[in-house]
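Following: one structure in structure tokens, then a few remarks.
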Amino acid sequence: MSSLIDRDNRNTPEDKPVQRSKSFSFKTPREVCSSCEKTVYPMERLVANNLIFHSACFCCKHCNTKLSLGTFAALSGDFYCKPHFQQLFKSKGNYDEGFGRKQHKELWTSKEGENITKTA
């Protein structure tokens, strides 16, 4: 009979409900896709060059083909598929021409031309 009274009273520390701290939460910092700037959830998260992407947003800048961690090349913060990276940059022999900028050797020749006219 005494065991029934103990169960009904529940004054022992083991029987009291557990109180959790109100400051504790499961909130994690919100991660944003570098391409579309929307929230990235853990299942669709992809990290390349310390940037976070949705797996669907990680695409070649030239042809928009979906990339993976094994099939991309990066240059100046832009991502390319390996065939287009080679086509745009390696075959030209320099990176400036691939981006449509003046080659550095043209800058040197223009400076040399100025020096020749100044000395003459």
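FYI, UniProt numbering numbers position 64 of the sequence shown as 64, with every residue one higher than the one before it. We put the CB at the ideal spot given by N, CA and C, even for glycine. None of the values given here were measured: they were computed from a predicted structure.
CA-to-CA distance, residue j to residue i, given in whole angstroms
{"i": "residue 34", "j": "residue 106", "result": "35 Å"}
{"i": "residue 50", "j": "residue 39", "result": "16 Å"}
{"i": "residue 52", "j": "residue 84", "result": "22 Å"}
{"i": "residue 77", "j": "residue 41", "result": "23 Å"}
{"i": "residue 37", "j": "residue 57", "result": "10 Å"}
{"i": "residue 55", "j": "residue 70", "result": "13 Å"}
{"i": "residue 87", "j": "residue 63", "result": "12 Å"}
{"i": "residue 149", "j": "residue 82", "result": "There is no way to answer for residue 149, as the model of the chain reaches only from 1 to 120."}
Sequence-distant residues of its chain with Cβ nearer than 6 Å to residue i (five each side left out)
{"i": "residue 66", "result": "59"}
{"i": "residue 31", "result": "40, 52"}
Contact under 7 Å by Cβ, residue i with residue j
{"i": "residue 79", "j": "residue 89", "result": "no"}
Residue(s) in a DSSP beta bridge with residue i
{"i": "residue 39", "result": "32"}
{"i": "residue 66", "result": "59"}
{"i": "residue 54", "result": "45"}
Own chain partners of residue i with C-beta closer than 7 Å, once the 5 adjacent residues on each side are dropped
{"i": "residue 61", "result": "78, 79, 80"}
Cut-off 8 Å between Cβ atoms - residues of its own chain near residue i, not counting five sequence neighbours on either side
{"i": "residue 44", "result": "54, 55, 56"}
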